[in-house]
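Written below as structure tokens is the structure these notes are about.
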Amino acid sequence: MLSKYKRKITRSKIFITAFLAVVMLLAILGQIPAIALTPAKHYTELEFPPLPELELPEYTRFQLDNGIVVYLMEDHELPLIGGRAIFRTGSRFEPEDKAGLADLTGTVMRTGGTTQHSPEQINQILEQKAAVVETGIGGTAGSARFSCLTEDLTEVFGLFTEVIREPVFAEAKLEFAKQQWQGAIARRNDDPESIVGREFQKLIYGTESPYARTVEYETLNNISQEDLIDFYAKYFHPENMILGVVGDFQTKQMRSLIKKQFGKWQPSIKAVKPPLPNVSQAQVGDMFFIDQPQLTRHEGERITTRQGPSRRRRG
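When we follow the numbering used here, the leftmost residue of the sequence shown carries the number 1, and every step to the right adds one.
Here you go:
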């Protein structure tokens with residue numbers, strides 16, 4: 001008897017559950033026609049709340065007598081300080097037969113040591129203080145940055161200044177950087193995304209454009225230590241530098257430190273300010289295919305400059 005009673009209860013639960021499910025389904029289906037009959041708004045009819053006003057934090061701007069432009073912004077939330085120096089340079093200014101020169105200069109500028117500290121000494125000091133000093137050169141700019149605890153600012157900023165003003169571009173570090181590049185060249189066709197990105201630049205700007213050059217074994221072999229020193233001398237000088245520092249410091253003291261470290265840096269007699277390379281549309285309105293396993297698609301066009309409206313690239 002008890003077993004029959006349990007079976008009745010179970011059947012009742014199943015019936016009630018099924019009934020509720022049907023009721024909910026009918027309710028949902030009843031809403032579908034109303035939803036389907038509501039036309040989608042045109043994008044010009046969409047309404048959005050106004051954007052909040054942009055409030056820039058307080059900062060200090062000044063310029064040293066040698067031309068360096070400096071921006072300082074205090075932030076005392078954490079005992080950390082970071083800064084970055086930007087230089088007007090880039091791989092767009094390197095010779096065509098020495099593609100990779102800018103990148104190697106930016107790399108060995110840090111890894112090659114300075115006139116006062118060997119690469120190993122710099123690495124040891126930074127590791128002991130959990131600090132960072134790095135340099136690099138991209139397509140349109142060069143940069144150097146530092147990050148450290150507030151208590152280590154004087155020493156770390158001193159190394160940062162050395163790396164910018166007194167790099168020696170050690171030959172052994174240059175050869176090591178070349179080997180890293182050679183390894184990257186050997187592996188670059190393993191990634192379809194790398195292939196399409198490289199070829200895309202050539203289609204947009206043309207194979208002869210400095211914005212579409214590809215580093216090859218031959219161009220690396222053409223680069224010497226003297227080339228790095230010469231490239232550095234052309235673009236890393238005070239009147240070509242902007243420095244920004246943010247963190248846990250007092251503006252007056254930071255200003256004095258910057259003036260002490262960079263104030264006596266004289267402009268380079270080899271400094272140049274070449275015109276920007278011309279850019280033109282190489283290919284217009286067409287489709288191009290690369291015979292490669294896996295599917296990767298890029299779509300884009302040349303639209304504007306950095307000073308104009310935003311550029312577009314879809315992938």
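All residues carry an ideal CB built from backbone N, CA and C; glycine is no exception.
Since we're looking at a predicted model, the values are computed, not measured.
In this structure MET241 touches PHE87 by the C-beta definition: roughly 6 Å separates them, less than 8 Å. Between SER268 and HIS237 a beta carbon distance of about 4 Å is seen, short of the 8 Å cut, so the two are scored as contacting. Linking ASN222 to VAL215 through their CA atoms gives a straight-line distance of about 11 Å. Judged by beta-carbon spacing, GLN201 lies beyond the 8 Å limit of ASN66, meaning their Cβ atoms are not closer than that value.
Measuring C-alpha to C-alpha distances from GLU77 to each of GLY142, PHE62, LEU149, THR140 identifies LEU149 as the nearest.
The criterion of a C-beta distance shorter than 8 Å is not satisfied by LEU80 and ASP227.
In the three-state DSSP reduction, ILE137 falls in the strand class (E or B).
Relative to the Cα of VAL108, the nearest Cα in the group GLY142, PRO49, GLU96 belongs to GLY142.
Unbroken beta strand (DSSP E) stretches of 3 residues or longer found wholly inside the segment 32 to 94: 60 to 63, 69 to 74, 80 to 87, given in chain order.
CA-to-CA, the gap between GLY158 and HIS117 works out to about 11 Å. The C-beta distance from GLN182 to TYR232 rounds to 22 Å, too long to fall under 8 Å, and the pair is not in contact. Buried is the label assigned to VAL245, since at least 16 other Cβ atoms lie within 10 Å of its Cβ.
The Cβ-Cβ distance between ILE137 and THR89 falls below 8 Å. According to the DSSP assignment, PHE160 belongs to the alpha helix (DSSP H) that extends over 153 to 165.
In the displayed model, VAL108 falls within a helix according to three-state DSSP. PHE62 counts as exposed, since fewer than 16 other C-beta atoms from the protein chains shown sit within 10 angstroms of its C-beta. If you draw a straight line from the Cα of LEU101 to the Cα of ASP230, it is about 10 Å long. GLY142: member of the beta strand (DSSP E) spanning 142 to 149, first to last residue.
Contact check for ALA144 against ALA184 fails: the beta carbons are separated by 8 Å or more. ARG110 is classed as buried because its beta carbon has at least 16 other beta carbons within 10 Å across all chains shown. A residue is called buried once 16 or more other Cβ atoms fall within 10 Å of its Cβ, and TYR59, having fewer, is exposed.
The closest CA to that of LYS259, considering only VAL69, THR115, GLU175, is found on VAL69. Between GLN225 and PHE169, the gap from beta carbon to beta carbon is short of 8 Å.
Within its own chain, the residues whose Cβ lies closer than 8 Å to the Cβ of VAL132, once the five positions on either side in sequence are excluded, are LEU126, ARG145, PHE146, SER147, CYS148, listed in chain order.
DSSP, reduced to helix, strand and coil, places GLY247 within a strand of the structure shown. Looking at the backbone, the Cα of GLY113 and that of ALA172 are separated by about 11 Å.
At least 8 Å separates the beta-carbon of LYS234 from that of VAL196. Each residue's CA atom was taken as its position, placing GLU55 and GLU74 some 16 Å apart. When the alpha-carbon of PRO275 is set against those of GLN253, THR251, PRO210, the nearest one is in PRO210.
In the three-state DSSP reduction, VAL196 falls in the helix class (H, G or I).
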